[in-house]
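Contents: one structure, followed by commentary.
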Amino acid sequence: MRRATLADVAAAAGVSVPTVSKVLSGKKHVSAATRDKVLEAVRTSGYEAPRAPSRPRAGVVDLLIEGLGSPWAQVLIGGAEKAAARWGFSLVLTSSARSDFDLRRWIGMVRKRNTDGVVLVLSRADQREIAAIEELLHVPLVLVDPVGQRDPRLSSVGATNWLGGVMATTHLLELGHTRIGFIGGPLDTQCTLDRYEGYLAAHRTFGIDSDPALARYGDFLVTGGKEIGGDLLDRADPPTAVFAGNDLQAAGVYQAATERGVRVPGELSVVGFDDSMLCDMLSPPLTTVRQPLDDMANEAVRLVAEELTHPRAPAGTRIELATTLVVRGSTARLHPDPARSPGSPAGRARP
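In the working numbering, the protein residues as written are 4 to 354.
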């Protein structure tokens, strides 16, 4: 009996031979409906792909991250290094924030060292850049905290940003604050949108209308948090609390408050996001939402290893790890007299 060929599968599925080849080789730029038709044709035709020798592993995973200096990045990099060792890889680290960074040149270097997989942590990469990396490298590609709308064909790891936004805002609302500022990161980052939606959801749960004028978007940096925090505090009707999109922006809010003689938490409660090493360095220590960066890095490297072990398994795994609220000294119950002087006694933080 004649063995079924790729042409037979293509004819049965009503697609081209190259499309069949893409599906069988695990390429991701094929619609789910087409993939299903091809796999069904493979099953009914009895087609068996020839066994090709697997590519020798180089034992290397590349991590491309936008910046290296922030506390958030340091924790994530440390977690990726430990995870790579755990899964039998060496980690090659590259910062895309370098002035001489060129994406095409980087792709060429990654191909030259025959890397086994890539973990991307890029707050500014657009879908075209990610598609270029995927198309040219042909290795497992995992995104951490991806920007924009998530591509269901690509594996990604993140945290429960929406729930983190709910917890941070709920904490402030329970302390009696009803005018809560929100300082997010760039609008094109999915984590910012999710945290803001959580902020809005908490207000709705308490039956309180949030003031759109108190929601601003920055750059996840201390300088941006200071500038936006100052703008909010200079309003005729300033917020009594601020939920900052990360710990660095929260530190900037501290600076803005200090310059204006506004006491934290006596007159302004502040919540951050990340739970970086910065939190205990601030005075008072920062209440924040912890995202498990170590675990996120480990899951990203694990997904690379899993896709290498099972190359024909469906791609596009999405993992979201739990966020938790860590209450420290930067939040307090709203004082009944918001017009009190900076020298008046500060409120007591919730235990």
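Note that CB positions come from ideal geometry on N, CA and C, so glycine has one too.
DSSP on residue i, reduced to helix/strand/coil?
i              : result
valine 330     : coil
threonine 312  : helix
leucine 79     : helix
arginine 321   : strand
threonine 261  : helix
aspartate 277  : strand
threonine 97   : strand
tyrosine 220   : strand
threonine 173  : helix
glutamine 294  : coil
alanine 244    : strand
isoleucine 110 : helix
valine 225     : helix
threonine 192  : strand
alanine 10     : helix
isoleucine 211 : coil
Please say whether residue j and residue i have beta carbons closer to each other than 8 Å?
i                 : j            : result
phenylalanine 223 : glycine 248  : yes
arginine 114      : leucine 140  : yes
threonine 261     : glycine 275  : no
leucine 125       : glutamate 69 : yes
valine 145        : serine 158   : yes
serine 333        : proline 295  : no
arginine 305      : alanine 86   : yes
serine 73         : leucine 175  : no
valine 122        : valine 307   : yes
alanine 325       : alanine 83   : no
glycine 168       : tyrosine 202 : yes
arginine 263      : leucine 289  : no
When we look at the beta-carbon of residue i and count the other beta-carbons within 10 Å, is it buried (16 or more) or exposed?
i                 : result
glycine 319       : exposed
alanine 239       : exposed
alanine 253       : buried
glycine 232       : buried
glutamate 177     : exposed
phenylalanine 246 : buried
valine 18         : buried
valine 23         : buried
methionine 112    : exposed
alanine 303       : buried
alanine 244       : buried
Hey, out of the options, whose CA is closest to residue i's CA?
i                 : options                        : result
threonine 163     : Ala308, Leu123, Asp298         : Asp298
phenylalanine 185 : Cys194, Tyr199, Thr192, Leu176 : Tyr199
glutamate 323     : Leu236, Thr243, Cys194, Ala308 : Cys194
valine 329        : Val160, Ala308, Ser279         : Ser279
serine 48         : Val64, Tyr257, Thr8            : Thr8
proline 241       : Val256, Ile80, Leu166, Gly111  : Val256
threonine 259     : Lys229, Ala205, Ala61          : In the sequence as displayed, the identity of residue 259 is alanine instead of threonine. Nearest option by C-alpha distance: Lys229.
Less than 7 Å between the CB of residue i and some heavy atom of the ligand GDP, yes or no?
i          : result
alanine 88 : What this structure holds is no ligand at all, so the ligand GDP is not there to describe.
contact_flag[the region 116-126, the region 283-290] where n(CB pairs < 8 Å) is 3 or more:
no
Taking 8 Å as the cut-off, does the region 34-41 touch the region 73-93 (at least 3 CB pairs, one atom from each stretch)?
no
Between the region 212-222 and the region 172-183, do at least 3 Cβ pairs fall closer than 8 Å?
yes
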